[in-house]
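Taking it in order: structure first as structure tokens, then the write-up.
In the numbering used here, the protein residues as written are 155 to 525.
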């Protein structure tokens, strides 16, 4: 695009004559030549009169303003220890160390020891520096600090039948960190107390196992609390050790995340009781039907169906062998039946003989003669 000098300016004329020339042109505009290439300033004119620049959908596509948002949500982007949880964690804090052995030339890749141990690299346990590829939480921190819808990358949506959810307004690479799961860190006793009293009549719970038998209560937490369950999820929830502290975050799956896609992960939790089991509405082909492990009765029925199917397939493959086995089975059953019958008759005759002998003995004592 060429912007050069203004079209109404002629360097061969003085300023007064240029003004007169410009006034004449405005009064009687020159016809545009449509058969020739675009003239000078065509690009400038397109920018001034055309539409605003908009990124393609597969790069960035946020929802328009005015979307429904949950009123009860109290947001926090960091974990907060509540009550006895802080002292409990300090007393039972485990000193676990992991050191990166990667080289500066190759950087920290999939073979990084810290990555295997779910430890994030930093200056204290990694010497690679800027080439390190195992600093997801640091990347998330910089994105959050920069702000903006693109850097945040996620937003709350209202689903048709599963309450609120979370969608991506940008793309995420496979295994890239998306958002951290934060909330109030509480003990098991405090969790049970809240379930019996505070959350007694609630339909939704935002509780997740954290570390050392402590719980994250995300009722007051990050946007990650709205991520719905799916039996075929596109994300996963992972616990990492960052700076000596455990942290939970949502990571993209192996195929990555597309713009506008709803984020899901497998809750895979055990319900407090069979009465609290919730129906799953993910709609996945292999849906378990409930939010949690598959019921044992369903597993038994499915295993029986699979065994029956295998038996039918084996029967079709070996029809002749099956016929021989069936004939042998019939013969064995007939023989067994005859043997059982003989044993029954034999037992009856022995009992009758003993009874008859006892009768004769009694008659002899009484002076009676039997035939």
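Quick reminder that beta carbons are idealized off the backbone N, C-alpha and C, glycines included.
6 Å CB neighbourhood of residue i in its chain, flanking five on each side removed
i, result
"residue 233", "336, 339"
"residue 214", "304, 324"
"residue 400", "365, 393"
"residue 360", "372, 373, 379"
"residue 501", "Note that residue 501 scores a pLDDT of 41, beneath 50, so its modelled location is shaky; the value from the coordinates is reported in the next line. So no residue of the chain qualifies."
"residue 362", "370"
"residue 236", "338, 340"
"residue 539", "The structure shown does not extend to residue 539, since the chain spans only 155 to 525, so no value can be given for it."
"residue 483", "Because residue 483 sits at a pLDDT of 46, beneath the cut-off of 50, its placement in the model cannot be relied upon, and the point is left open."
Option in the options with minimal Cα separation from residue i
i, options, result
"residue 387", "220, 396, 421, 355", "421"
"residue 405", "235, 214, 289, 283", "289"
"residue 433", "177, 385, 348, 257", "385"
"residue 419", "311, 446, 397, 345", "446"
"residue 216", "311, 206, 227", "311"
"residue 222", "319, 354, 389, 363", "319"
"residue 306", "295, 315, 240, 264", "295"
Outcome for residue i when other beta-carbon atoms lying within 10 angstroms are tallied against a minimum of 16
i, result
"residue 382", "buried"
"residue 212", "exposed"
"residue 174", "exposed"
"residue 367", "exposed"
"residue 334", "buried"
"residue 373", "buried"
"residue 352", "exposed"
"residue 344", "buried"
"residue 437", "exposed"
"residue 480", "Only weak support exists for where residue 480 lies, its pLDDT of 41 falling under 50; the value from the coordinates is given anyway. Classification for residue 480: exposed."
"residue 485", "Low local confidence applies: a pLDDT of 40 at residue 485 is under 50, so the model's placement there is unreliable, and no value is given."
"residue 495", "For residue 495, the pLDDT reaches just 37, beneath the cut-off of 50, and the residue's location in the model is therefore unreliable, leaving the point undetermined."
Assumed close pair residue i, residue j - CB separation to whole angstroms, cut-off 8 Å
i, j, result
"residue 272", "residue 395", "6 Å"
"residue 321", "residue 417", "7 Å"
"residue 407", "residue 390", "6 Å"
"residue 291", "residue 403", "7 Å"
"residue 358", "residue 317", "7 Å"
Same chain, Cβ closer than 8 Å to residue i, neighbours up to 5 away in sequence not counted
i, result
"residue 562", "For the chain, the structure presents residues 155 to 525; residue 562 sits outside this window and is missing."
"residue 252", "267, 268, 271, 273, 279, 395"
"residue 348", "340, 371"
"residue 283", "258"
"residue 231", "298, 334, 336, 376"
"residue 219", "none"
"residue 313", "319, 382, 416"
"residue 167", "175"
Contact set for residue i: own chain, Cβ-Cβ below 7 Å, skip 5 residues either direction
i, result
"residue 164", "172, 175"
"residue 286", "261, 262, 275, 280"
"residue 238", "341"
"residue 293", "331"
"residue 255", "267"
"residue 377", "308, 310, 320, 333"
"residue 441", "385, 434"
"residue 397", "276"
"residue 200", "none"
"residue 315", "435"
"residue 227", "none"
"residue 415", "321, 322, 388"
Contact test: residue i Cβ vs the ligand ATP heavy atom, cutoff 6 Å
i, result
"residue 304", "Within the structure as shown, the ligand ATP is missing, as the structure has no ligands at all."
Could you give the uninterrupted runs of the beta strand (DSSP E) lying entirely in the stretch 220 to 255, keeping only those of 3 residues or more?
none
List in chain order: all unbroken beta strand (DSSP E) runs of 3+ residues lying wholly within the stretch 297 to 341.
308 to 312, 318 to 322, 331 to 335, 338 to 340
Could you give the uninterrupted runs of the beta strand (DSSP E) lying entirely in the stretch 333 to 413, keeping only those of 3 residues or more?
338 to 340, 361 to 363, 369 to 371, 389 to 396, 399 to 406
Which full runs of the alpha helix (DSSP H) of 4+ residues lie inside the stretch 261 to 292, going along the chain?
267 to 270
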